[in-house]
Every structure is written in C-alpha cells, then in structure tokens.
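Novice: Questions regarding the structure given below will be posed in turn.
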Amino acid sequence: MHFPTSSLVLSVVLALPVFCVQAAAAALSKEEAQIVAFADAQSGKFAADLESAVQIDSSTENLPGVRQMAEFFLPKLTALGFECRYVEQPPSTHRAGHLVAVRRGTHGKRLLLIGHLDTVLPGGNWRREGTAVHGSGVADIKGGDLILIHALQALDSIKALEGTQLTVIFSGDEESAGTPLEVSRKELRDAAARSDVALAYESAVGMTGTVARRGSIAWELEAQGPTGHSSGIFSAPVGSGAVFETARILGSFYEELRKLDGVTVNPAMIAGGREADLSKTGGTLSGKANIIAQRVMVRGDLRTVSAEQLADAQAKMQEIVSRHLPRTSATLKFEEGYPAMSPTPENYALLAQLNQVSLDLGHGEITAFDPRGRGAGDIAFVSPPLAGLDGLGLGGTGEHSIAEAADLADAPNLIKRSALLIYRLTR
Ligand SMILES: [Zn+2]
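Heads up: the sequence shown begins at 2 in our numbering, then just goes up one per residue.
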C-alpha cells in the first residue's frame, strides 16, 4: 500500500518544477526567451572573463593597473556598438580616470549603467575551488561589471540594443574618489543629465535590490580651553578644560543623534592633552595628569539616508557643539562627502520591475535591502535625481578584505535578470 502513495507524492514533486518552468516560460515574450537561451548558452564564458579581470591588479592607487582594466573592458563594449572613451583625471587628483561608453538611440528609458575599474586591495590573486572564486574584485566589482557586460551581450544576440540610449560608466576611483568631487564625478553627473534611470552593479545581497544607500561625510571636532594646574579645574578662572568639553559634546551626540532613524555618528579617533594633533590616519598628543587639557581633536564620520537628514543631523551637531562648558570653546567642521541615495518611490518602482522579472524567470521574490547595511556608492551622485537601483552585481563575501569571495553559480541568474530588466526598460 505504500507504493501507490509514494508514487503519487513523487509524481507531484516531479510535476512541480515542470509547472514552474512552463509558468516562467509563459511569462516571457519570444524575444525574452531568446535572450535567456543565449545567456544560458554563454554561461561558461563568465568564469574565464572574471579570471582575466581579477588577474589585473587595479587598486585605486595603481594608475597603470586601472587603465589596463579599462583596456580590458573597452573592446567588449566597442563590440556591442558603444562609442568608448577613456576620460583622464587631472594629475593633482592622483586618480587614473574613467571608462565612458555610450550607445545613442531613442527607445524607451535612457539608462546609466554604473560599475567601476578599481578595487580596494591589489589584485592578481585569483583562486578557484569548484564554483567558489577568490580574489580582489571577484564581487566588488569585477564580477558585477561582467554581469552587466554579459547581460548586454545577451541583449545584443537578438539585436535588442539597437535604438537604445545607454551610457556605461566604469569609474577608476569608486573606492576612494578623487577630490574635488566636482571634478572626479563630473562625467557621472553629465551622463545622468542624459539619462532617466541608473542601474549599478555593486554586489548583490541575496534576493534583494538596493533602493537606498547612506551618504557619508567626515567631520573634525576641535575643543579648546585654558591650561593650568589640575587643581584649578572647575574654578571660574580656569573652567572645565578641553577634555570635559569634548566629553560633553560626544555624550550629547550619542544621546541625541542616536534617536534619529538611519543616522550614525562615529567618533573614530581622539587625541587630547596640553598639545594634540590629528591627521586622517593618526595623531600625536602630550600632557601630564596634573595639567588641564588645552586642546582635543576628534575625527569621525556621519552617515544619513537623505540630503534632508544630513542637513538636520549637521544642524543638531552644530547646536550641541555651541552649548560650551565654562571657559571652553569648540568648532566642528565637515569635509566634502558622499551623498545619500534616498529610498524614493521611483526607486521602489524599479525594484518592483526587477521583482517582476525575477518572478517571470521563476527565480523568486526580490525585496529591498536595508539601507543601513550599505556603504556609500557612486550611484548616489546621480540618484536622486534619477530613479536608481543598485546591488545588481555578483554577490560576495569579505569585500574590501583579502578574504573576498564569490560564487560563480550565482552568475547565470543575475545575468538573465539584468538582461531582462534592461530589455523591459528600453522597449
Ligand atoms: Zn564597489
């Protein structure tokens, strides 16, 4: 009696995937099914391309390496009908430059497709075990750059790129942008002025899309007070000292900024004493236990989800600084920062389109990634104003570390999803 029952269960189980495939196939147009078939047929080429890309050492500071990375991608984009140029950066920025590729047309939405050439750590350290691959940039972002290029190749296989307006920008300094940002992000912003939608290929996080990324800005706090014998602290002539003033300010940052959802303030380094100084990466101080601190310096960053929230948080911080303990003074300065990609309704609409593509392919649901978990990225320079979606690249682990790894098995689905999203946006 067991036999017929298990046979029934087995046939239901077997029938289910077949049904899903048919449902997925039915949701795709004839052209979309051809795009998917091409991507499947080409999937073996992805690993070889990624290996070649990762073998090029293109850390941000390695200018010849970053240029070599551009030379690797350039012929691939030229073959897809893009006009490509390499945009040098002024020598004063110590940055290599960007690869800009344009295809002109009038079909559907005009897309800005964003990747980058540089990595945080030096490359050339490719290693593969089965489908697991290791090396600088496997996920951030050479894997992502190649997800985009393979998606474009799948579209080109049925001539679906004809008549579309696409701009690909692979910047040479995403991981450490050249300053001033006005100069280093000019190409990106100019391209945004000719586009409707921005798609970015930073690493995918599971079945999510990125509709928001927090902006980040560095700040420096300097507190001063009269120095003197420690026994005089708290007295009217000497006041509270620079260290107590700093403690007051940082304590208030902690109590008051922590209440704002999406905001973080991180005091990263502090130096105080009779003398104190900080650079961007370290500092010096001197003093004695019986001398009142005259000077304290603190460096840190502030992260927010929108320009409005940044302005609010900065105003709050300045207001806290201005309260002052007796006989002390303090100033807070902000540096040039990365803007936030705000979670706009337009970004959610793009995510809904990606979700529909994923459902139609039978890949399952895609949800929004929590912006608090994501650092700043190039897409934030253009979205807003453009509708934007990030996290379309190859997922990974250990980005920005020597343990960076990715799984090649994820690539085929990501390529198909991107190809169909671009296809539908450009009809
Ligand atoms: Zn990146």
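C-beta: ideal position from N, C-alpha, C; glycine also.
#1: Note down, in chain order, each residue of its chain lying with its Cβ closer than 7 angstroms to the Cβ of GLY116, except the 5 sequence neighbours on either side.
#2: As a quick exercise: from ALA308, VAL198, ARG195, TYR87, pick the residue whose alpha carbon is nearest that of GLY338.
#3: Helix, strand or coil: how does DSSP classify GLY397 here?
#4: Buried or exposed for THR427, going by 16 or more other Cβ atoms inside 10 Å?
#5: Is the beta carbon of ILE423 less than 8 angstroms from the beta carbon of ALA152?
#6: Just to confirm my understanding: we take PRO238, look at its own chain, exclude 5 residues before and 5 after, and list those with CB closer than 6 angstroms. What are they?
#7: Rounded to whole angstroms, what's the CA-CA distance from GLY378 to ARG214? Just pull it up for me.
#8: I need the DSSP call for ILE416, collapsed to helix, strand or coil.
#9: Can you give the Cα-Cα distance for ASP41 and PHE47, rounded to whole angstroms?
#10: So, is LEU372 buried or exposed, given that buried needs 16 or more other C-beta atoms within 10 angstroms?
#11: So, using beta-carbon positions, are ALA54 and GLY138 closer together than 8 angstroms?
#12: Locate the alpha helix (DSSP H) running through ILE380, then write down its first and last residues.
#13: Taking Cβ positions, are GLY125 and ASP58 nearer each other than 8 angstroms?
#14: Reducing DSSP to helix, strand and coil, say where SER217 ends up.
#15: What do you reckon, are the CB atoms on ARG304 and SER241 nearer than 8 angstroms?
#16: Note down the Cα distance separating PRO92 from GLN154, rounded to an integer number of angstroms.
#17: Whole-angstrom Cβ separation of GLU257 and ILE159, contact assumed at under 8 angstroms?
#18: Quick check on the burial criterion: 16 or more other C-beta atoms within 10 angstroms. Buried or exposed for SER12?
#19: Among ALA420, GLU405, VAL184, which residue has its Cα nearest to the Cα of GLY136?
#20: Excluding the 5 residues flanking ARG128 on each side, which residues of the same chain have their C-beta closer than 8 angstroms to its C-beta?
#21: Going by beta carbon distance, what residues of the same chain come within less than 6 angstroms of PHE4, once the five residues before and after it are set aside?
#22: Between which two residues does the alpha helix (DSSP H) harbouring LYS160 extend?
#23: Given the structure, does GLU175 come close to ligand 1, in the sense that its CB is under 7 angstroms from one of the ligand's heavy atoms?
#24: What is the residue span of the alpha helix (DSSP H) that LYS77 lies within?
#25: Could you tell me which residues DSSP pairs with SER330 in its beta bridges?
#26: Whose C-beta lies closer than 8 angstroms to the C-beta of THR107 among residues of the same chain, with five residues either side of it excluded?
#27: Check whether the region 312–326 and the region 178–188 are in contact - that is, three or more C-beta pairs closer than 8 angstroms.
#28: Can we count ILE142 as close to ligand 1, meaning its CB is less than 7 angstroms from some heavy atom?
#29: Less than 8 angstroms between the C-beta atoms of MET208 and THR368, yes or no?
#30: Say the cut is 7 angstroms; is the CB of HIS325 nearer than that to a heavy atom of ligand 1?
#31: Can you give me the start and stop residues for the beta strand (DSSP E) that LEU1 sits inside?
#32: Hey, does LYS31 have any beta-carbon neighbour from chain B nearer than 8 angstroms?
#33: Where DSSP assigns a beta bridge to LEU286, which residues make up the other side?
#34: Using the rule of at least 16 other Cβ atoms within 10 Å of the residue's Cβ for burial, across every protein chain shown, is SER287 buried or exposed?
#35: Report yes if the C-beta of GLU203 is less than 7 angstroms from at least one heavy atom of ligand 1; otherwise report no.
#36: I'd like to confirm something about PRO364: is its beta-carbon nearer than 7 angstroms to some heavy atom of ligand 1, or not?
Specialist: Per the coordinate set shown:
#1: Counting from 1 along the sequence shown, the entry for residue 116 is found at position 115. If we look at GLY116 and ignore the five residues flanking it on each side, its Cβ neighbours are ILE142, GLY145, ASP146, LEU149, PHE171, TYR202.
#2: Residue mapping note: residue 338 aligns to position 337 of the sequence shown, counting from 1. Selected option, being the one with the closest Cα: ALA308.
#3: The residue you call residue 397 lines up with position 396 of the sequence shown. Strand.
#4: For the purposes of this step, residue 427 is taken as residue 426 along the sequence shown, with counting starting at 1. Its Cβ being crowded by 16 or more others within 10 Å, THR427 is buried.
#5: Against the sequence shown, residue 423 aligns to sequence position 422. Against the sequence shown, residue 152 aligns to sequence position 151. In contact: ILE423 and ALA152 (Cβ atoms closer than 8 angstroms).
#6: Walking along the sequence shown from the start, residue 238 turns up at place 237. The answer is none, since no qualifying residue turns up.
#7: The residue given as residue 378 occupies position 377 in the sequence shown. The residue given as residue 214 occupies position 213 in the sequence shown. C-alpha separation (whole angstroms): 7 angstroms.
#8: What you label residue 416 is simply residue 415 of the sequence shown in a count that begins at 1. The answer is helix: DSSP assigns ILE416 an H, G or I state.
#9: Here residue 41 is taken as the residue at index 40 of the sequence shown, counted from 1. Here residue 47 is taken as the residue at index 46 of the sequence shown, counted from 1. For ASP41 and PHE47, the distance between alpha carbons rounds to 11 angstroms.
#10: Taking the first residue of the sequence shown as position 1, residue 372 is located at position 371. The sequence given here has Pro at residue 372, not Leu. Its Cβ being crowded by 16 or more others within 10 Å, PRO372 is buried.
#11: Looking up residue 54 in the sequence shown gives position 53. Looking up residue 138 in the sequence shown gives position 137. Against a cut-off of 8 angstroms, the Cβ pair of GLY138 and ALA54 comes out as a contact.
#12: On the sequence shown, residue 380 is found 379 positions in, with the first residue counted as 1. It is not in any alpha helix (DSSP H) - ILE380 carries neither H nor E in the DSSP assignment.
#13: If you number the sequence shown from 1, residue 125 lands on position 124. If you number the sequence shown from 1, residue 58 lands on position 57. Yes.
#14: The residue given as residue 217 occupies position 216 in the sequence shown. SER217: strand per DSSP, three-state reduction.
#15: Counting from one through the sequence shown, the residue named residue 304 turns up at place 303. Counting from one through the sequence shown, the residue named residue 241 turns up at place 240. No, they are not a contact pair.
#16: In the sequence shown, residue 92 corresponds to position 91, counting from 1. In the sequence shown, residue 154 corresponds to position 153, counting from 1. For PRO92 and GLN154, the distance between alpha carbons rounds to 35 angstroms.
#17: Mapped onto the sequence shown, residue 257 falls at position 256. Mapped onto the sequence shown, residue 159 falls at position 158. GLU257 to ILE159, Cβ: 57 angstroms. No contact.
#18: Position 11 of the sequence shown, counting from 1, holds the residue named residue 12. In this predicted model, SER12 has a pLDDT of only 36, less than 50, meaning its place in the structure is not dependable; the value taken from the coordinates is given anyway. By the 10 Å Cβ count, SER12 comes out exposed.
#19: To locate residue 136, count along the sequence shown from 1; it is residue 135. If we check each option's Cα against that of GLY136, GLU405 comes out closest.
#20: For the purposes of this step, residue 128 is taken as the residue at position 127 of the sequence shown. Excluding sequence neighbours, ARG128 sits near VAL134, HIS135, GLY136.
#21: The residue you call residue 4 lines up with position 3 of the sequence shown. Note that PHE4 scores a pLDDT of 30, beneath 50, so its modelled location is shaky; the value from the coordinates is reported in the next line. Excluding positions up to five away in sequence, the list is empty.
#22: For the purposes of this step, residue 160 is taken as the residue at position 159 of the sequence shown. No alpha helix (DSSP H) holds LYS160; DSSP gives it neither H nor E.
#23: As a working note, residue 175 is residue 174 in the sequence shown. Flag set: Cβ of GLU175 near ligand 1.
#24: In the sequence shown, counting from the first residue as 1, residue 77 sits at position 76. Run containing LYS77: 64–80, per the alpha helix (DSSP H) assignment.
#25: Here residue 330 corresponds to residue number 329 of the sequence shown, with the count starting at 1. GLN225, per the DSSP bridge assignment.
#26: Within the sequence shown, numbered from 1, the residue matching residue 107 stands at position 106. Correct list, in chain order: GLY164, GLN166.
#27: no
#28: Position 141 of the sequence shown, counting from 1, holds the residue named residue 142. Yes.
#29: Here the question's residue 208 lines up with position 207 in the sequence shown. Here the question's residue 368 lines up with position 367 in the sequence shown. Cβ atoms of MET208 and THR368: closer than 8 angstroms.
#30: To locate residue 325, count along the sequence shown from 1; it is residue 324. The answer is no for HIS325.
#31: The displayed coordinates of the chain run from 2 to 428. Any statement about residue 1 would go beyond what the structure contains.
#32: Within the model displayed, chain B is absent; a lone protein chain is all it includes.
#33: Locating residue 286 in the sequence shown gives position 285, counting from the first residue. LEU286 pairs with ALA277.
#34: The residue given as residue 287 occupies position 286 in the sequence shown. Answer is exposed; the Cβ neighbour count stays below 16.
#35: Locating residue 203 in the sequence shown gives position 202, counting from the first residue. Yes, since a heavy atom of ligand 1 falls inside the 7 angstroms radius drawn around the Cβ of GLU203.
#36: Mapped onto the sequence shown, residue 364 falls at position 363. Inspection of the sequence shows that residue 364 is occupied by His rather than by Pro. Not under cutoff, so the answer is no.
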